[in-house]
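This report refers to the structure that appears directly beneath it.
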Amino acid sequence: GDAPSQLTFDTLSGRLVVRCEPRADASAHGDGGAAALYTMDLPAGAPRRVDVPAAELSVLCAALGGGVSADDVVDAHFCARTRKLVLRVAHRGVVHACAPDFTALHAVTITGIDVRGVVVTAEAATA
468 GDAPSQLTFD TLSGRLVVRC EPRADASAHG DGGAAALYTM DLPAGAPRRV DVPAAELSVL
528 CAALGGGVSA DDVVDAHFCA RTRKLVLRVA HRGVVHACAP DFTALHAVTI TGIDVRGVVV
588 TAEAATA
């Protein structure tokens, strides 16, 4: 029979929808002549900048391990939809140094926000 044009997955991050769109000229796309294009709607949200209290930030940094300190954190953003806290740190060396203690991370609380995951990132080095 015909394949469905859309599949829906219920995940812990929310509903993910994959759509199958047929291509009229599959050979022109440089992907081995795939007859269809699959697209997925990933959950997105509008993160907002947050001020993490100093004591809580210190506990969070300790849980990140690798000697990460609150002084390494440039800023923090929180996305209410995904419940992820994104920490931008001073340089990629801090990211590489992270050696998270997942039990300690799970126990971290941040006043006023329901954090379910932490992302640590740094700006790319310029060429």
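Under the numbering used here, the first residue of the sequence shown is numbered 468, with each subsequent residue one higher.
The beta carbon of each residue, even a glycine, is placed where N, CA and C say it ideally should be.
Bear in mind that the values here come from a model prediction, so they are computed numbers and not experimental data.
Out of the options, which has the shortest C-alpha to C-alpha gap to residue i?
i	options	result
P567	T475, A529 and S472	A529
L479	A589, A592, E590 and G584	G584
C546	Q473, L483, V582 and A591	V582
A557	L483, A591, T578 and A511	A591
G481	G533, D539, R548 and H544	R548
V526	A513, P514, L572 and A543	L572
D518	D539, V535 and T578	T578
F569	L531, R550, R486 and A522	L531
I580	S472, G534, P520 and A511	P520
Could you tell me if residue i is buried or exposed, where buried requires 16 or more neighbouring beta carbons within 10 angstroms of its beta carbon?
i	result
V541	exposed
L598	The chain is shown from 468 up to 594; residue 598 falls before or after that span and cannot be answered.
A574	exposed
D508	exposed
D538	exposed
Helix, strand or coil for residue i, going by three-state DSSP, please let me know.
i	result
R559	helix
A503	strand
R490	coil
V535	coil
T578	coil
C546	strand
Kindly list the residues whose CB is nearer than 6 angstroms to the CB of residue i, restricted to its own chain and excluding five residues on each side of it in sequence; keep chain order.
i	result
E488	L504
F476	L483
S472	C487
For chain D, is any of its Cβ atoms less than 7 angstroms away from the one on residue i?
i	result
R482	Given the protein chain composition of this structure (a single chain), no chain D is represented.
For residue i, I'd like the list of residues in its chain whose CB is within less than 8 angstroms of its CB, leaving aside the five on either flank, ordered along the chain.
i	result
T588	V553, L554, R555, V556 and V562
Ignore the nearest five residues each way along the sequence and tell me which others in residue i's own chain have a CB closer than 7 angstroms to its CB.
i	result
D514	Sequence check: residue 514 is Pro here, not Asp. So the qualifying residues of the chain are H544, F545, C546 and V553.
L524	A537 and V540
Between the stretch 503-514 and the stretch 561-575, are three or more C-beta pairs nearer than 8 angstroms? Under the three-pair Cβ rule at 8 angstroms, the stretch 503-514 does not count as touching the stretch 561-575.
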